[in-house]
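The structure under discussion appears below in the form of structure tokens.
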Amino acid sequence: TDHKGIHRQVHYVADHHGFRAEVKTNEPGTANQDPAHVHLHSSAHHYDHHGHDHHHGYGHHGHDDHHGHGHHY
Numbered sequence: 001t002d003h004k005g006i007h008r009q010v011h012y013v014a015d016h017h018g019f020r021a022e023v024k025t026n027e028p029g030t031a032n033q034d035p036a037h038v039h040l041h042s043s044a045h046h047y048d049h050h051g052h053d054h055h056h057g058y059g060h061h062g063h064d065d066h067h068g069h070g071h072h073y
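Mapping of the sequence shown onto full-length UniProt numbering: position 60 corresponds to residue 60, and the numbering continues sequentially without gaps.
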């Protein structure tokens with residue numbers, strides 16, 4: 001709680017089912033809601049168990065693998 005009485009409390013679980021959070025707050029501009037499902041697309045390099053990088057440059061075999069713009073749901 002800050003000096004204005006505003007607070008945020010987050011309860012979360014991160015396990016083999018994913019990350020789930022419940023936020024309790026009285027922050028201005030907030031309302032009861034369940035936001036949309038989020039998809040994460042990582043651009044991190046993939047390494048095998050020997051530490052070898054399997055990223056082949058600009059996309060796979062040098063081609064651009066990007067197939068659109070914006071968010072994909």
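Glycine included, every Cβ here is placed at the ideal spot set by N, Cα and C.
In the DSSP annotation of this structure, the continuous segment of the beta strand (DSSP E) that includes Gly18 starts and ends at Gly18 to Thr25. In the DSSP assignment, Ala14 falls within the beta strand (DSSP E) that extends over Arg8 to Asp15. Here Glu27 is near Ile6, since their CB atoms are less than 8 Å apart. Setting aside the 5 residues that flank it on each side, Arg8 is surrounded in the same chain by Val23, Thr25 and Glu27, each with a C-beta closer than 7 Å to its C-beta; the list follows chain order.
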